[in-house]
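Enquirer: Handing you this structure, nothing more for now.
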Amino acid sequence: MAADLDIILKKYKHGRREDLIPLLQEIQAENGYLSEESIVRVGGHLGLSTTKIFGLATFYDQFRFIPSGKVHLKICHGTSCFMNGSQSIIDKIKEELKISPGQTTRNGNFSFDIVTCLGGCFHGPVIMVNGEYQIHIRAEQVPALITKLKFIIDND
Amino acid sequence: MEDLKTFLINKVLLFESDTLPSETEKVLQQVRRDKTNVPVIHISSNTSSIIAGSDKTFNAVKVYVEENEPTTLTVRVGCSGPANYEPMVCVQMPGKNKLFFRNITEEKVEPLLNGVFHNDINEDDLLGQTGSKGFEFWPGISFINELPFFANQKRIVLGNCGCYDPESIEEYIARGGYSTFVKTIRHYTFEEVCDIIERSGLRGRSGGGYPTGLKWKQALNTSSNARYLICNAKESDPGSFSDRTILESDPHRLIEGMAIAAYAIGASNAILYLKSGSDYARMRLQTAISMAREFGIIGHNIYSSGYNLDISLRQEPGAFVCGEETALINSLEGKRGMPQLKPPYPTTSGLSGKPTVINNVETLMNIPLIMKNGPEWFRSIGTETSPGTKIFAITGRGRMSGVIEVEMGTTLGSVLEDIVDGIKDGKEFKAIQLGGASGSFITAENLDTPVDFDAMKEKGFGMGAGGFVVIDETSCMVDLVRYYMEYLRNESCGKCIPCREGTGRMLEILESVIRKPVNEDSGTTLERFKGVMQLETISSVMKDTSLCGLGQTAPNPFVSALKNFREEFEEHIFDRKCRANVCRGLRTFLIDVEKCTGCTVCAGKCPVNAIYGTRLQPFFIVEDKCIGCGVCFDVCKFSAVIVK
Chain W
0 MAADLDIILK KYKHGRREDL IPLLQEIQAE NGYLSEESIV RVGGHLGLST TKIFGLATFY
60 DQFRFIPSGK VHLKICHGTS CFMNGSQSII DKIKEELKIS PGQTTRNGNF SFDIVTCLGG
120 CFHGPVIMVN GEYQIHIRAE QVPALITKLK FIIDND
Chain Y
0 MEDLKTFLIN KVLLFESDTL PSETEKVLQQ VRRDKTNVPV IHISSNTSSI IAGSDKTFNA
60 VKVYVEENEP TTLTVRVGCS GPANYEPMVC VQMPGKNKLF FRNITEEKVE PLLNGVFHND
120 INEDDLLGQT GSKGFEFWPG ISFINELPFF ANQKRIVLGN CGCYDPESIE EYIARGGYST
180 FVKTIRHYTF EEVCDIIERS GLRGRSGGGY PTGLKWKQAL NTSSNARYLI CNAKESDPGS
240 FSDRTILESD PHRLIEGMAI AAYAIGASNA ILYLKSGSDY ARMRLQTAIS MAREFGIIGH
300 NIYSSGYNLD ISLRQEPGAF VCGEETALIN SLEGKRGMPQ LKPPYPTTSG LSGKPTVINN
360 VETLMNIPLI MKNGPEWFRS IGTETSPGTK IFAITGRGRM SGVIEVEMGT TLGSVLEDIV
420 DGIKDGKEFK AIQLGGASGS FITAENLDTP VDFDAMKEKG FGMGAGGFVV IDETSCMVDL
480 VRYYMEYLRN ESCGKCIPCR EGTGRMLEIL ESVIRKPVNE DSGTTLERFK GVMQLETISS
540 VMKDTSLCGL GQTAPNPFVS ALKNFREEFE EHIFDRKCRA NVCRGLRTFL IDVEKCTGCT
600 VCAGKCPVNA IYGTRLQPFF IVEDKCIGCG VCFDVCKFSA VIVK
C-alpha cells in the first residue's frame with residue numbers, strides 16, 4: 000500500500016493546496032478508504048497539518064476512514080425512493096446487520112451507505128450491491144438478500 | 000479512421016459556408032448511419048437504463064446478431080427521455096423508418112428481433128416509428144412523435160439525446176457539432192459573443208434566472224491575467240437527474256458550450272465540476288474530452304485562431320452545499336466547501352481570486368444553439384422575459400417519468416396532464432414538488448402557473464435545478480417535510496448559526512409531531528405544541544439571516560406545506576392521525592376478529608411481543624406495547640390486521 004501511495008503522491012509533485020481533494024479521492028479509489036498513515040503522508044507532502052486534512056475529509060460525505068466490507072451496499076434515499084419506502088429498507092438493513100450507515104460489520108463482511116440519488120427513480124427503491132443494481136426492493140426481501148450475500152461470502 | 004478525422008476537420012469544421020457540398024453530406028450520412036445497407040440496432044445506455052437492465056439487453060442483442068444477422072450494427076446511444084420505458088431499443092432496417100420498442104429486457108430480445116427480421120412485429124412492446132423522406136413507411140404503426148409524451152415537448156436542448164453514440168465525436172460533428180465553436184473563435188471577438196448571448200435573453204437555468212450575457216460581461220470587463228469558466232454539474236438535489244442524463248447522452252454539446260463560453264469571457268481554463276458517484280457520466284465525459292483534444296478542439300492555438308483552452312474534470316467530494324457558487328470555489332481550492340459572504344461575486348473575484356463564471360449544464364447546452372441559429376431565433380421560443388425551454392426531471396407518482404423539455408410559458412398543469420399523463424394507479428393528485436430539497440409544493444389551484452422565471456417568482460416558487468416530483472395521496476406531507484428537513488440538516492455546512500441550529504431544531508420539532516410519545520402526559524404534549532408554534536418563527540428567522548441559499552430556502556418545504564396542507568398538520572398534532580397511514584408512530588393496529596384464523600404468524604414476527612392469543616383462535620394486539628412497526632400488517636395473509 001505504501002508503494003501505491005508513493006505512485007499517487009508522485010503524480011501531484013507540485014503539492015498545491017488545490018490538489019488536496021483530488022489526491023484524497025484517488026487514494027480512496029485505490030484503497031477504498033483513507034487510513035491514518037495515508038493522511039499523515041499527504042499532510043507531509045502538501046505541508047498541511049494532519050488535523051486540517053482530517054477536518055476537511057470529515058466535512059465531505061465521500062470519504063471513509065474504515066475499510067468497507069467485502070459487500071458494500073448503497074441504498075438510495077432520494078425523494079422518489081423515499082416515497083416508495085426506502086426508509087423501511089434502511090431500518091431493516093440496520094436491524095439485520097446491526098450497523099449504522101458508514102460503518103462496517105466486525106467480521107469485515109458488510110458495510111453500507113445511504114446515498115441521495117442513484118438515478119433509477121422510476122424503479123425505486125434501488126440499492127446497489129458491489130456495483131450491481133437491484134430494483135424494486137421491498138423491506139421483506141432484505142433478510143433473504145442478506146442471507147444470500149452471507150452465503151456467497153462464506154463460500155468464496 | 001485517420002482519413003475520416005482529417006476529412007471532418009478540413010471539409011466540415013473548417014468549411015466556411017453554412018451549406019455543405021453534397022459529396023460531404025453523403026459521407027456525413029454514412030457517419031450518422033442515416034442511410035445504411037445493413038440493419039442498425041440502437042440500445043439506450045445511461046444510468047437509468049442500465050439500472051433497468053440495458054447492459055444485459057445489449058449483450059443479448061450482440062449474441063443474437065452474431066448468430067443470425069452478422070452484418071447488423073449494434074450501437075449504444077444515450078437516453079431519449081422516458082425512464083419508465085427503459086431499456087429502449089430502436090431498430091432501423093435498411094431503407095425503412097426506425098422502430099422504437101420499450102422495456103426490452105434480456106429475455107424479450109430474441110422474440111423481438113425474430114419478429115422484426117421476419118416482418119412479424121410484436122405490437123405490445125412497440126412505441127412507434129420515426130423517419131423522414133426517402134424512407135419506407137411501416138404501415139399501421141403510429142409515429143412516436145405523436146405520443147403525448149413527445150408531442151407536447153419541445154426538444155431543443157435534448158434534441159441530440161438518444162440519437163447518437165455519445166462516445167463518438169465523429170457522429171457529433173456529422174450532426175453539425177463543433178462547427179459553431181470553430182466559426183465563433185474564427186469570426187467573433189469576445190465582446191461580440193457576449194453581446195449575442197445578452198441579446199438572446201438567455202437566463203441561468205439553475206434557479207435564480209440571472210442573465211447569462213450580463214454575467215459573462217462582468218467577468219470580461221474585470222481586468223485580470225487569468226479567468227476561469229466553471230460548469231456546475233453538481234446536481235445534488237435528491238431526485239433530480241436531468242444533468243446526469245445530458246452528461247451521459249450528449250457530452251459533446253456540453254463541451255462545445257463550455258468552449259464557447261470560455262472563449263466569450265477570455266478564459267483559457269475551464270473546469271467541469273461533476274457530482275460524486277456519477278461514474279458513468281465521468282467516464283463518458285473523460286472520453287469526450289480526450290476525443291475533443293485529439294480533434295484539436297481543446298488545446299493550444301485552436302485552428303490557428305490564437306486561442307488556447309484546456310478543460311479539466313473535477314469530481315465533487317460529496318456535499319450538497321457545494322452547489323453554491325462560493326462554496327464550490329472553496330472546494331476547488333482544496334478547502335471545506337463553505338459559502339462566503341457576497342459581494343465580492345465570483346465574476347470579479349472567484350477561483351484563486353480571479354474572475355470566474357459559473358454556469359450550470361442546461362445553460363451551457365443552450366449556447367451552441369444560440370450561436371448557430373442567432374439570438375432572434377432563441378427569442379422566438381418561450382416567453383418575453385424568459386426565452387427558451389426548460390428541462391424537468393420527472394419522478395414520483397406520475398404515470399410517465401423521465402427527462403422532458405418544454406417551452407417556457409407552458410403551464411405546470413399541462414406538463415402534468417399531457418406529458419406525465421396523470422397519476423399512477425388512479426390515485427388522487429396532491430401536489431408537485433418543484434426545485435429539489437428546498438423547493439415549494441404546488442397544489443392543484445396553482446397548476447395554471449406558467450414555467451417562467453418571473454411568473455414563478457411572483458407566486459413564490461422556484462424552479463431550482465428542475466426536479467419535478469409528483470406527489471399523490473399515498474404520501475404524508477408531514478413525513479415528506481421531515482424527510483427534506485432531515486436531508487438539509489445533514490447537508491448544512493455548519494458555518495452560520497441560523498442554518499445549523501435552525502434545521503436541527505425544525506427537524507426535532509417535526510419528529511416530535513410524527514413520533515409516538517413515550518407517554519401522553521401533559522408535559523410532553525405541551526412541549527410538542529410549543530415547538531409547533533415556534534416552527535413558523537424559526538422559518539422566518541432562517542430566511543432572513545442565513546448566509547447562503549441553502550439556509551435561506553431550507554424552510555421552504557415546511558412553509559409551503561403548512562400553507563397548503565394545514566389540516567394535515569393539525570390532524571397530526573391534535574388528533575394524532577396520519578391520513579396517508581405513513582407515519583409509523585401514529586398508526587394503531589387492530590386485529591379483525593372475523594378474519595383472524597389464529598395462524599400465529601403475526602405473534603411470531605412481532606418484535607415487541609405485543610400480540611397475544613391462543614392458536615386457532617382470534618389474536619389481539621396490546622396497544623400500549625405496540626410500536627407501530629407494521630410487521631403484523633405486512634405478514635398477515637388474511638388481511639385481518641387493520642391500520643387506523
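Chains W and Y, in that order, are what the protein sequence lines are.
Note that numbering that gives the first Met the number 0 has the first sequence beginning at 0, numbered continuously upward.
Note that numbering that gives the first Met the number 0 has the second sequence beginning at 0, numbered continuously upward.
C-beta atoms are modelled at their ideal positions from N, C-alpha and C, and glycine is treated no differently.
1) Identify every run of the beta strand (DSSP E) within the segment 20-107 of chain W, keeping only runs that are complete inside it and at least 3 residues long; order them along the chain.
2) Between Y/R606 and the rest of its own chain, which residues show a CB-CB distance below 8 Å, the 5 nearest in sequence each way excluded?
3) Is the segment 167-174 of chain Y in contact with the segment 25-37 of chain Y, if contact means three or more CB pairs nearer than 8 Å?
4) For Y/D478, report the span of its alpha helix (DSSP H) as first-last.
5) Would you please state the rounded distance, in angstroms, between the beta carbons of Y/R398 and Y/K429? I believe it to be under 8 Å.
6) With distances taken Cα to Cα, identify the nearest neighbour of W/V39 among W/E29, W/K51, W/G130 and W/N30.
7) In chain W, what lies closer than 9 Å to Y/I229 by C-beta?
8) By Cβ distance below 6 Å, which residues in the same chain neighbour Y/Y209 in space, the five residues on each side in sequence not counted?
9) Using Cβ-Cβ distances below 9 Å, what residues of the segment 35-47 of chain Y are close to chain W?
10) So Y/V60 is in the alpha helix (DSSP H); what residue range does that whole segment cover?
11) How about the segment 101-112 of chain Y and the segment 83-92 of chain Y: do they share at least three Cβ pairs that are nearer than 8 Å?
12) Mind listing the chain W neighbours of Y/A705? Cutoff is C-beta to C-beta under 9 Å, in chain order.
13) Between the segment 330-343 of chain Y and the segment 294-303 of chain Y, do three or more beta carbon pairs fall short of 8 Å?
14) Looking at the structure shown, is Y/V512 part of a helix, part of a strand, or coil, going by DSSP?
15) Counting only runs that start and end within the segment 98-138 of chain Y, where is the alpha helix (DSSP H) found for 4 or more residues in a row?
16) Taking W/H122 as the reference, give the member of Y/A291, Y/G395, Y/T388 and Y/E22 with the closest Cα.
17) Judging by CA-CA distance, which residue of Y/L363, Y/G130, Y/I328 and Y/E490 is the nearest neighbour of Y/P93?
18) Go ahead and pull the three-state DSSP assignment for Y/Y163.
19) Can you list the residues of chain W that Y/E197 reaches, using a CB-CB cut of under 9 Å?
20) Give me the subset of the segment 4-32 of chain W whose CB atoms are less than 8 Å from a CB atom of chain Y, sorted by chain position.
21) Y/H186: buried (16+ other C-beta within 10 angstroms of its C-beta) or exposed?
22) I'd like to know whether the C-beta of W/G68 is nearer than 7 Å to at least one C-beta of chain Y.
23) What are the boundary residues of the alpha helix (DSSP H) that includes Y/F632?
24) Run the CB neighbour count on W/L72, radius 10 Å, all protein chains shown included, and call it buried at 16 or more, exposed below.
25) Answer with buried or exposed for Y/V558, where buried requires no fewer than 16 other C-beta atoms within 10 angstroms of its C-beta.
26) So for Y/F440, helix, strand or coil by DSSP?
27) If you drop the 5 nearest sequence neighbours on each side, which residues of the same chain put their C-beta closer than 7 Å to that of Y/V642?
28) Please report the straight-line C-alpha distance between Y/Y177 and W/L144, rounded to a whole angstrom.
29) Would you please state the rounded distance, in angstroms, between the beta carbons of Y/L363 and Y/A263? I believe it to be under 8 Å.
30) Taking the beta strand (DSSP E) that Y/H571 falls in, what are its first and last residues?
31) DSSP on Y/F240, reduced to helix/strand/coil?
32) From which residue to which residue does the beta strand (DSSP E) around Y/N358 run?
33) Between the segment 96-103 of chain Y and the segment 112-128 of chain Y, are three or more C-beta pairs nearer than 8 Å?
34) Let me know if Y/N365 comes out buried or exposed under the rule of 16 or more other beta-carbons within 10 Å of its beta-carbon.
35) Any beta carbon from chain W within less than 7 Å of Y/S275's own beta carbon?
36) Cβ closer than 8 Å: which chain W residues qualify as neighbours of Y/D633?
Expert: Based on what the coordinates show:
1) Here the runs fully enclosed are 70-75.
2) Position 607 of the second sequence, counting from 1, holds the residue named residue 606 of chain Y. Residue 606 of chain Y is actually Pro in this sequence, not Arg. Shown here for Y/P606: same chain residues with a beta carbon closer than 8 Å to its own, the five before and five after excluded, namely I626, C628 and V630 in chain order.
3) Output reads yes: the segment 25-37 of chain Y touches the segment 167-174 of chain Y.
4) On the second sequence, position 479 is the one that residue 478 of chain Y refers to. Element bounds for Y/D478: M476 to E490.
5) For the purposes of this step, residue 398 of chain Y is taken as the residue at position 399 of the second sequence. For the purposes of this step, residue 429 of chain Y is taken as the residue at position 430 of the second sequence. About 15 Å separates the beta carbon of Y/R398 from that of Y/K429, a gap too long to meet the 8 Å contact definition.
6) Taking the first sequence and counting its residues from 1, the one referred to as residue 39 of chain W is at position 40. In terms of CA proximity to W/V39, W/K51 leads the group W/E29, W/K51, W/G130 and W/N30.
7) Counting from one through the second sequence, the residue named residue 229 of chain Y turns up at place 230. The premise fails here: Y/I229 is roughly 13 Å from chain W at the closest Cβ pair, so nothing lies under 9 Å.
8) For this step, residue 209 of chain Y is matched to residue 210 along the second sequence. Apart from sequence neighbours up to five positions away, the residues of its chain that approach Y/Y209 with a beta-carbon distance below 6 Å are G203, ordered along the chain.
9) Residues of the segment 35-47 of chain Y with a C-beta less than 9 Å from any C-beta of chain W: N45, T46 and S47, listed in chain order.
10) Against the second sequence, residue 60 of chain Y aligns to sequence position 61. S53 to N67 is the span of the alpha helix (DSSP H), which, as asked, contains Y/V60.
11) By the criterion of at least three beta-carbon pairs nearer than 8 Å, the segment 101-112 of chain Y is in contact with the segment 83-92 of chain Y.
12) Because chain Y is modelled from 0 through 643, residue 705 of chain Y falls outside the range shown and cannot be assessed.
13) Here the segment 330-343 of chain Y does not lie against the segment 294-303 of chain Y, with fewer than 3 beta-carbon pairs under 8 Å apart.
14) Here residue 512 of chain Y corresponds to residue number 513 of the second sequence, with the count starting at 1. Reduced to three states, the DSSP call for Y/V512 is helix.
15) Counting only runs of 4 or more residues that sit fully inside the segment 98-138 of chain Y, the alpha helix (DSSP H) segments are 108-116, in chain order.
16) Your numbering for residue 122 of chain W matches position 123 in the first sequence. The option with the nearest alpha carbon to W/H122 is Y/G395.
17) Within the second sequence, numbered from 1, the residue matching residue 93 of chain Y stands at position 94. For the options Y/L363, Y/G130, Y/I328 and Y/E490, the alpha carbon positioned closest to that of Y/P93 is the one of Y/G130.
18) Counting from one through the second sequence, the residue named residue 163 of chain Y turns up at place 164. In this structure, Y/Y163 counts as coil in the three-state DSSP scheme.
19) By 1-based counting over the second sequence, the position of residue 197 of chain Y is 198. By Cβ distance, chain W contributes nothing, its closest Cβ being about 32 Å from Y/E197, past 9 Å.
20) Within the segment 4-32 of chain W, contact with chain Y at the beta-carbon level (separation under 8 Å) is assigned to R15, R16, E17, D18, L19, I20, P21, L23 and Q24.
21) Counting from 1 along the second sequence, the entry for residue 186 of chain Y is found at position 187. Counting other Cβ atoms within 10 Å of its Cβ, Y/H186 stays below 16 and is therefore classed as exposed.
22) Residue mapping note: residue 68 of chain W aligns to position 69 of the first sequence, counting from 1. For W/G68, not one C-beta of chain Y is nearer than 7 Å to its own C-beta.
23) To locate residue 632 of chain Y, count along the second sequence from 1; it is residue 633. Counting along the chain, the unbroken alpha helix (DSSP H) around Y/F632 starts and ends at V630 to V634.
24) Position 73 of the first sequence, counted from the first residue, corresponds to residue 72 of chain W. Buried, because 16 or more other Cβ atoms sit within 10 Å of the Cβ of W/L72.
25) Translated into positions along the second sequence, residue 558 of chain Y becomes position 559. Burial is judged here by how many other beta carbons sit within 10 angstroms of a residue's own beta carbon; Y/V558 has at least 16 and is buried.
26) Here residue 440 of chain Y refers to the residue found at position 441 of the second sequence. Strand at Y/F440.
27) Residue numbering aside, residue 642 of chain Y sits at position 643 when the second sequence is read from its first letter. Contacts found: N580, R586, F588 and F632.
28) The count along the second sequence starts at 1 and reaches residue 177 of chain Y at position 178. The count along the first sequence starts at 1 and reaches residue 144 of chain W at position 145. Between Y/Y177 and W/L144, the C-alpha separation is close to 48 Å.
29) Along the second sequence, read from residue 1 onward, the residue named residue 363 of chain Y stands at position 364. Along the second sequence, read from residue 1 onward, the residue named residue 263 of chain Y stands at position 264. The C-beta distance from Y/L363 to Y/A263 rounds to 11 Å, too long to meet the 8 Å contact threshold.
30) Residue numbering aside, residue 571 of chain Y sits at position 572 when the second sequence is read from its first letter. Annotation for Y/H571: no beta strand (DSSP E) segment contains it, and DSSP assigns it neither H nor E.
31) Looking up residue 240 of chain Y in the second sequence gives position 241. Coil at Y/F240, not helix or strand.
32) Position 359 of the second sequence, counted from the start, is the residue given in the question as residue 358 of chain Y. T355 to N359 is the span of the beta strand (DSSP E), which, as asked, contains Y/N358.
33) With the cut-off at 8 Å, the segment 96-103 of chain Y and the segment 112-128 of chain Y touch.
34) As a first step, residue 365 of chain Y is located in the second sequence; it is residue number 366 there, counting from the start. Result: buried.
35) Taking the first residue of the second sequence as position 1, residue 275 of chain Y is located at position 276. Closer than 7 Å: yes.
36) On the second sequence, residue 633 of chain Y is found 634 positions in, with the first residue counted as 1. Contact of Y/D633 with chain W by beta-carbon distance below 8 Å involves A138 and E139.
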